[in-house]
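S.K.: If you read the sequence shown in the numbering used here, its first letter stands for residue 550, the second for the next number, and so on.
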Amino acid sequence: MPRPPSHCRIRTAIGRRCRKGGAIVQNFLDLSRRLAQKLAKLNVETPWGSFTTMHIAMIGSGYVGLVSGACLADFGHTVTCIDKDAAKIEALNNGRIPIFEPGLETLVSTNVKAGRLTFTTELAEPVAKADVVFIAVGTPSRRGDGHADLSYVHGAAREIANAVNGFTVVVTKSTVPVGTGDEVERIIRETNPAADVAVVSNPEFLREGAAINDFKRPDRIVVGIEDERARPVMNEVYRPLYLNQAPMLFTERRTSELIKYAANGFLAMKITFINEIADLCEKVGANVQDVARGIGLDNRIGGKFLHAGPGYGGSCFPKDTLALVKTAQDYDSPMQLIETTVRINDTRKRAMARKVVRAVGGDVRGKTIAILGLTFKPNTDDMREAPSISIIRALQDGGAKIRAFDPEGVEQARTELTDVAYCADAYDAAKNADALVIVTEWDAFRALDFERLKATMAAPVFVDLRNIYRPEEVTRYGFSYDSIGRRG
Ligand SMILES: NC(=O)c1ccc[n+]([C@@H]2O[C@H](COP(=O)([O-])OP(=O)(O)OC[C@H]3O[C@@H](n4cnc5c(N)ncnc54)[C@H](O)[C@@H]3O)[C@@H](O)[C@H]2O)c1
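1. Is threonine 537 near alanine 706, with beta carbons less than 9 Å apart?
2. Quick check on this structure: which residue in Leu985, Leu1002, Ala975 has the alpha carbon closest to the alpha carbon of serine 1032?
3. Closer than 6 Å by C-beta to alanine 1008: which residues in its own chain qualify, once you throw out the five before and the five after it? Chain order, please.
4. Which ranges would you report for the alpha helix (DSSP H) in the stretch 877-928 if only whole runs of at least 4 residues count?
5. Please check the pair serine 864 and arginine 899, which I expect to be a contact at CB under 8 Å, by giving their CB distance rounded to whole angstroms.
6. Looking at isoleucine 631 and ligand 1, is the gap between the Cβ and the nearest heavy atom below 8 Å?
7. Which residue marks the beginning of the alpha helix (DSSP H) containing glycine 773, and which one marks its end?
8. Are the beta-carbon atoms belonging to aspartate 847 and glycine 1034 less than 9 Å from one another?
9. In chain order, which continuous runs of the alpha helix (DSSP H) of length 4 or greater are located wholly inside the stretch 932-1003?
10. Could you compute how far the alpha carbon of glycine 652 sits from the alpha carbon of glycine 910?
11. Once you ignore the five residues that flank alanine 744 on each side, which residues in its own chain have a CB closer than 7 Å to its CB?
12. So what's leucine 584 in DSSP terms, helix, strand or just coil?
13. Return the CA-CA distance between threonine 729 and phenylalanine 925, expressed in angstroms with no decimal places.
14. So, under 8 Å CB-CB, phenylalanine 683 and valine 720 are touching, yes? Tell me the CB distance rounded to an integer number of Å.
15. What is the rounded straight-line gap between the Cα of alanine 978 and the Cα of leucine 855?
16. Please identify the residue among Ser805, Glu777, Ala697 whose C-alpha is closest to the C-alpha of alanine 872.
17. List the endpoints of the continuous alpha helix (DSSP H) containing tyrosine 701.
18. Hey, out of Lys853, Asn793, Glu806, whose CA is closest to asparagine 751's CA?
19. Provide the residue span of the beta strand (DSSP E) that contains phenylalanine 683, from first to last.
20. If you follow the alpha helix (DSSP H) that leucine 805 is part of, which residue opens it and which one closes it?
21. Under 9 Å, do phenylalanine 991 and aspartate 1013 count as touching if we go by C-beta distance?
22. Nearest by alpha-carbon distance to tyrosine 612: which of His604, Arg802, Asp632, Phe624 is it?
23. Alanine 779 and alanine 747: beta carbons closer than 9 Å?
24. Around the C-beta of tyrosine 810, are 16 or more other C-beta atoms found within 10 angstroms, so that it is buried, or is it exposed?
25. Cβ-heavy atom distance between isoleucine 608 and ligand 1 below 8 Å?
26. Helix, strand or coil for valine 727? Go by DSSP, reduced to three states.
27. Just reading off the alpha helix (DSSP H) that methionine 783 is part of, what are its end residues?
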């Protein structure tokens, strides 16, 4: 059982208020009220057991911060999600969810109504109140060299240093290169030498589209600590999951940071492996789906991440593989497997466009190509590094006109892709098209009406880059059918 926070925590909290001077009585009353609220809310066996809810500040309210914040509030913690993007916070405060993630709207509104979840652009107050501060800001690829851009993380660390009040656990949830925790700690100590913090690494493994389930039922929770005071606090944060027997893996901080990159590097490599096998299947007349099943049933390999397709995209794999390559090079320990994975995946996306060009007879100039699915995967509106971007640009370079439909991604797609006719649905996109291409496997595309498509298209050409149909399901309507790593 995780150790409940002891009376020392209360003494620290009171002491912190005394040090601040002024309004001691008010603060003491406030503290008492908070404790009473906790006692009233929780169904606990002992008075100490009621101390399990915590005050959490979540810095960054994007795909990870918002989901994590809402889930932690749902566990019973009091969470403030903070973001610099005033429009995002305004939307959240007005009950609108700025991203598409299944189940998130209900989870957010339930916890807002229960008074456990709030949103603000101002970091100082929630951080001062917090027992735990999470950093969940972006770490995109740095322009020019592919290293992770840590400016948002470092900026957040400086702001935390100025606001922190009493012993606080600062947790990096963003994906950050090895050694970032050391730097976050250095920045905080340099900015505010009196700050009493334990800096922890707690990488996030959720997948967009299934983020809530992933957060609440994780395969594991990885926590990297250097200061033992953080261990019981992190146990308390994840106590509901711990009771569900989610494995909690405590490691050194640098190890935890590397686990995240090693996991993403391995998964990217696995996808790339099956994509290369798919290419070989096409040459030798084999079926990649059967190969994937044949190897995936081997427990040492496992069947997940063996779906051949147009190459991985998204907000994580491309930037994280690149950052891992850069870190490894910096430490004179190059990761050639990952370097090759990055190179193969980069070229694969445009190769998919060439597949489409072949399907329409070798030239797309003046032809209309209908694209179904723009986001990097289904059930998200995220367009970051989506394969559709490279494929559409390559087709446009060849002179094609693009009509496209995506159930959730059009708003973000408009900022990435110009000269595209965004359509109302699959059939609208298919109007007068010389080929229809499935790029993202949304459920809405899994049972298309082929008679209707054929009637509206200029030519019955179907390219399925996600293998969601069996060839005969499509060819029997008179379509030509191309897919990945299979005949026909
Ligand atoms: N998206 C995923 O599926 C996923 C999964 C696991 C891990 N991660 C990692 O989590 C981190 C966040 O990713 P994301 O997809 O949520 O990014 P995001 O771009 O959706 O959100 C980041 C948010 O942080 C805000 N921000 C930046 N600096 C800030 C500051 N100083 N104060 C307050 N807000 C600030 C931005 O305005 C933005 O809204 C990244 O490191 C990413 O690699 C992402």
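Beta carbons are placed, not taken as given, at the ideal position from N, Cα and C, and that holds for glycine.
M.R.: Once the coordinates are examined:
1. The chain is shown only over 550 to 1037; residue 537 falls outside these bounds and no answer can be derived.
2. Leu985
3. Asp983
4. 885-908
5. Not confirmed; about 21 Å, so no contact.
6. yes
7. No alpha helix (DSSP H) contains glycine 773, which is instead part of the beta strand (DSSP E) from 770-773.
8. no
9. 936-946, 959-965, 975-979
10. 44 Å
11. Ala710, Val713, Ile737, Arg738
12. In this prediction, leucine 584 has a pLDDT of 48, which is less than 50 and means its spatial position is unreliable; what the coordinates show is noted afterwards. In the structure shown, leucine 584 sits in a helix (DSSP, three-state: H, G or I).
13. 28 Å
14. 5 Å
15. 30 Å
16. Ala697
17. 700-712
18. Glu806
19. 681-684
20. Residue identity check: residue 805 is serine in the sequence provided, not leucine. Unbroken alpha helix (DSSP H) run through serine 805: 802-833.
21. Here residue 991 turns out to be tryptophan, not phenylalanine, going by the sequence shown. Not closer than 9 Å, so no.
22. Asp632
23. yes
24. buried
25. yes
26. coil
27. 779-786
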